[in-house]
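Worksheet for the structure shown next.
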Amino acid sequence: ELHILANKNFSAEQPEVAAMLQKFQMTDTQIGSLEGLINDGMDPADAAAQWIADNRGIVDGWLQ
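Under my numbering, think of the first position of the sequence shown as 19, with each following residue one higher.
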């Protein structure tokens, strides 16, 4: 179950972030590849940076 909590004015105050959050989605495979890096002993921040580098096209889609 997913609960959403946000400031009612968030979209108006942060339109770029709100737009990115609307586009953001990760498949089970994508999440698994990120978790795999962490499970292999990589620091979570380093794993996130590596995942972003390896999946630049996906991330760029969220940011357009």
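All C-beta atoms, glycine included, are put in the ideal place defined by N, C-alpha and C. All values derive from a computational prediction rather than experimental measurement.
Rounded separation between residue i and residue j - CA only
i	j	result
A36	I76	17 Å
E31	D72	31 Å
D64	S51	13 Å
Residue i in three-state terms, based on DSSP
i	result
N27	coil
L20	coil
N59	Reading off the sequence shown, one finds Gly at residue 59, where the question assumed Asn. Residue state, collapsed to three classes: coil.
T47	helix
Q32	coil
Q68	helix
Residue i versus the options, residue with shortest Cα-Cα distance
i	options	result
I22	W69, P33, L39	L39
Q48	L20, K26, A66	A66
E53	F42, A24, I70	I70
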